[in-house]
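As you go down the protein sequences, you meet chains A and B in turn. Positions in the first sequence are counted from 1; adding 1051 to them yields the numbering used here. Positions in the second sequence are counted from 1; adding 2 to them yields the numbering used here. Note that CB positions come from ideal geometry on N, CA and C, so glycine has one too. Note that the structure is predicted; figures quoted are calculated from it, not measured. Notes to accompany the following structure.
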Amino acid sequence: MLEINNLCVSIGDTPILNGLSLSIDAGEVHAIMGPNGSGKSTLAQVIAGHDDYVVTSGTVTYKGNDLLDLEPEQRAREGIFLGFQYPVEIPGVNNAYLLKAAVNAGRKHRGQDEVDAFEFLKIAREKMAQLDMDPKFLNRGVNEGFSGGEKKRNEILQMAMLEPELAILDETDSGLDIDALKVVAQGINSLRSSERAIVLVTHYQRLLDYVEPDFVHVLSEGKILRSGDKSLALELEDKGYDWIRKAASA
Amino acid sequence: MTAPALSNKALADAVENLPQNALSPTRQAALAQFLERGFPTTRLEDWKYTNLDEIVDISRRWLENGAPLPATAALEDRIAEVRASIDADWLVVANGRIADGVLDAAIPGITIKALSELPEGPDFGRPLADLNAALLSDGLHISFSREAQQKRPLGLLIIDSAESDPGVSQIRIVIDVASDAQAQLIEYHTSTGKAGHYSNSVIDCTLAKGASAQYVRVQNRDLQHSQTQRTGVQLAAQSVLRYCGFDLGGQLIRNDLDIDIAGSEADAAINGLYVAGEGQHIDNHVRVDHRTGPARSAQEYRGILGGRCRCVWNGKAIVHEGADGTDAEQGNHNLLLTEGAEIDAKPELEIYADDVKCSHGTTVGQLDEAALFYLRTRGLDRQEATRALTRAFGATIVSRLPIASLAESLTAMVESRLRELSGGEA
């Protein structure tokens, strides 16, 4: 589904990704771990199409097409979802409006009819109940005045409504207490399917206790140092990132 | 460029040719004053950013044509449109003339008279009010008594046409809200026609002790037409004003809103939204005089600017000696969508009392790129995301509409104007 080949990315004159390669298939859950500044969030933003980042070399292919040619909204409509590490507060743009506009943008792109207001509300309320969210959130400004945990739940709600093919969740676990973490993990697990790929970008192994990855990759200095199965995450938790850096340079 | 001055003779003839009525003596006195001072120029501090040459030129051409009064038949469609979109008891002033039937309107608790029926002529003393009083055919006097119980707001539909020749019209409306009475009003300005038009309105509103007014003003003129307007509102003790103004259309627009807080415990909330696109110039001068305290005024204007346009906001609060316990706030926030959009924002505070709370804040910014990207990653294209953010910026003002029944139609009007703005950029 997603093929990243030797990707190099800079912001301004500073190189951040230095020849990263990664292959992700439908049905898989990948965890990308790494210390602060290793390039995890940059990778997530580049896949979503943020234009502050300049791809200096390498390729990214999504469902057989050049992903880097597409605008952010085209990527979204093609089934890519980014759960933001820091969801943006947008006062005055109502949550319900955004959810509905987002769902319909995707449906229109796929040649489907738009959902009507009644059907939309029904689905939104169902999904919110699953995420333990008050339906009142629908009428508030997007993330406006939300706590850290509420923002992350709202990201998962958007993902649940959009049913993406490739979901990249950037530090979705940060700032969550244990109860919220379980609810969010449940939300993610309920979306696991053979047609969908999920990428968890995370600093800690904590989330992976609840969402079990098929693959774990360790990122450092803009490159994948090591890939493995979920046991790699446990080993990292145990020995720290320095261990893997030393192991890699040895 | 300075437009050639008006011909004094042509102006005097135009005044002379108006239908003779009780206003005639006032017209002559006002004309004499106007001839002395003329139109305000950019040499005056209050007019520094707004050059009236365009308006002088339209007036000159209108006078050269013999100051014609256009037929109002062409306005019927537009009047019907406004009636259909806003539910109000409409009083129509078309091309500066009080429409048939207005003076016979029977609304319980509200008295409507022609100014020419009243013993005193209209006030003048400022340049544009002089011009207004000189060329005024007639105006309206509206009184709200305590018995007024409105099912829908009273609508003042000020509509003009300039189909083939330039047109000029003068509008004068005096509004009295009696002690403890309540008034709901919407003033709606619109126009049609390809030729240039200049409309000059003077509105004087007085709120007696304990009165309250929910006042909405919408200026939605065609983009080739210009307007100056002076609105004065005087608040007696314990009176309440909830004012919300929208400038969506027009080429050259200048509003002077003067709020005079004359009684203690008066409370004025003044909100405004201006949306300007290619070729528009919208100037809002708002002045609040706190003459006594305790009393409160809160002002917030927001602007959305696209294309090559210029807007001016000048908010002045004057706390006079002895007006202790004054609480005066003013804010102006602008969203600039294009590089050609220009705003001159100037808050002014003059305080001559001791125990006061005053604040002001002004911001000018562009769209939030982080928010734009966030919306795009959800599948909204750039134009749609821009529109959502722009609409959100204006929604703060729309949400303060004092007359809830107008929310839907006002929201639709603002959105339609924003669509034109974003369509024009693509």
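Inter-residue Cα distance where the pair is residue i and residue j
| i | j | result |
| --- | --- | --- |
| GLN1125(A) | GLY1134(A) | 16 angstroms |
| ASP55(B) | SER424(B) | 29 angstroms |
| SER1241(A) | SER1074(A) | 23 angstroms |
| ALA300(B) | GLU331(B) | 5 angstroms |
| ASP15(B) | GLU66(B) | 11 angstroms |
| ASP370(B) | GLU341(B) | 15 angstroms |
| ARG389(B) | ALA210(B) | 42 angstroms |
| PHE395(B) | LEU33(B) | 44 angstroms |
| LEU133(B) | GLY68(B) | 17 angstroms |
| ASP1120(A) | ALA414(B) | 36 angstroms |
| VAL220(B) | HIS191(B) | 6 angstroms |
| VAL416(B) | LEU250(B) | 7 angstroms |
| SER1198(A) | ARG380(B) | 21 angstroms |
| LEU1213(A) | ALA90(B) | 43 angstroms |
| THR230(B) | GLU83(B) | 24 angstroms |
| ASN1116(A) | GLU1122(A) | 13 angstroms |
| ASP102(B) | ALA108(B) | 13 angstroms |
| ASP1228(A) | LEU1058(A) | 35 angstroms |
| ALA428(B) | ALA372(B) | Caution is warranted here: a pLDDT of 35 is assigned to ALA428(B), below 50, making its placement in the model unreliable, and no coordinate value can be reported. |
Cut-off 8 angstroms between Cβ atoms - residues of its own chain near residue i, not counting five sequence neighbours on either side
| i | result |
| --- | --- |
| ILE405(B) | PRO155, GLN186, ILE188, GLN216 and VAL218 |
| VAL17(B) | ARG29, GLN30, LEU33, ALA136 and LEU137 |
| SER1300(A) | none |
| ASP1164(A) | ARG1158 |
Start and end residues, alpha helix (DSSP H) containing residue i
| i | result |
| --- | --- |
| GLU1288(A) | 1281 to 1290 |
| VAL104(B) | Neither: VAL104(B) is in no alpha helix (DSSP H) and is coded neither H nor E. |
| PHE395(B) | 384 to 400 |
| ILE81(B) | 78 to 87 |
| LYS11(B) | 10 to 18 |
| LYS50(B) | No alpha helix (DSSP H) contains LYS50(B), which DSSP labels as neither H nor E. |
| GLN231(B) | Note, GLN231(B): premise wrong, no alpha helix (DSSP H); beta strand (DSSP E) at 227 to 237. |
| GLU371(B) | 371 to 378 |
Three-state class that DSSP yields for residue i in the structure shown
| i | result |
| --- | --- |
| GLY342(B) | coil |
| ILE60(B) | helix |
| ALA428(B) | The pLDDT assigned to ALA428(B) is 35, lower than 50, so where the model puts this residue is not dependable, and the model offers no usable value. |
| GLY247(B) | strand |
| GLY1157(A) | helix |
| VAL242(B) | strand |
| ALA135(B) | helix |
| ASP262(B) | strand |
| TYR276(B) | strand |
| TYR1148(A) | helix |
| ASP1102(A) | coil |
| ILE161(B) | strand |
| LYS318(B) | strand |
| PRO168(B) | coil |
| PHE1197(A) | coil |
| ILE405(B) | coil |
| ASN1057(A) | strand |
| THR1093(A) | helix |
| TYR190(B) | strand |
Chain-ordered neighbours of residue i on chain B, where CB pairs are closer than 7 angstroms
| i | result |
| --- | --- |
| ARG1128(A) | GLY381 |
| GLY1143(A) | ALA394, PHE395, ALA397 and THR398 |
| PHE1197(A) | Neighbours of PHE1197(A) on chain B: none; closest Cβ ~13 angstroms, over 7 angstroms. |
Listed by chain order, chain B residues near residue i by CB distance under 9 angstroms
| i | result |
| --- | --- |
| LEU1058(A) | Here the premise fails: no neighbours, minimum Cβ distance about 19 angstroms. |
| GLU1124(A) | LEU377, ARG378, THR379, ARG380, GLY381, LEU382, ASP383, ARG384, GLU386 and ALA387 |
| HIS1101(A) | PHE375 and THR379 |
| LEU1217(A) | Result: empty, since nearest Cβ-Cβ is about 12 angstroms, beyond 9 angstroms. |
Within chain A, the residues that residue i reaches when beta carbons sit closer than 8 angstroms
| i | result |
| --- | --- |
| GLY372(B) | For clarity, residue 372(B) is Ala in the given sequence; the question names Gly instead. Result: VAL1139. |
| ALA183(B) | Correct list: empty, because the minimum Cβ distance to chain A is about 35 angstroms. |
Residue range of the beta strand (DSSP E) that includes residue i
| i | result |
| --- | --- |
| SER1390(A) | Any answer about residue 1390(A) is impossible in this case: the structure gives chain A only from 1052 up to 1301. |
| MET1084(A) | 1080 to 1084 |
| ILE1131(A) | 1131 to 1134 |
| ASP357(B) | Careful: ASP357(B) lies outside any beta strand (DSSP E) and carries neither H nor E. |
Neighbourhood of residue i by C-beta distance below 6 angstroms, restricted to the same chain and skipping five residues each side
| i | result |
| --- | --- |
| ASP206(B) | VAL176 and GLY234 |
| ALA1100(A) | Residue identity check: residue 1100(A) is Gly in the sequence provided, not Ala. Within the same chain, GLY1100(A) has close Cβ partners PRO1123 and ARG1126. |
Neighbouring residues, chain B, relative to residue i (Cβ below 8 angstroms)
| i | result |
| --- | --- |
| GLY1157(A) | GLY381 |
| LEU1133(A) | THR379 |
| GLN1209(A) | ARG380 |
| ALA1153(A) | ARG380, GLY381 and LEU382 |
Listed by chain order, chain A residues near residue i by CB distance under 7 angstroms
| i | result |
| --- | --- |
| ALA69(B) | The premise fails here: ALA69(B) is roughly 47 angstroms from chain A at the closest Cβ pair, so nothing lies under 7 angstroms. |
Close Cβ partners of residue i (< 7 angstroms) along its chain, the five nearest in sequence each way excluded
| i | result |
| --- | --- |
| GLY1130(A) | PRO1215, GLU1216 and LEU1217 |
| ALA1236(A) | LEU1258, TYR1261 and VAL1262 |
Chain A residues whose Cβ lies nearer than 9 angstroms to that of residue i
| i | result |
| --- | --- |
| LEU391(B) | ILE1141, GLY1143 and VAL1144 |
Q) Name the residues in the segment 131 to 152 of chain B whose C-beta lies less than 7 angstroms from a C-beta of chain E; which are they? A) Among the protein chains in the structure shown, which are A and B, there is no chain E.
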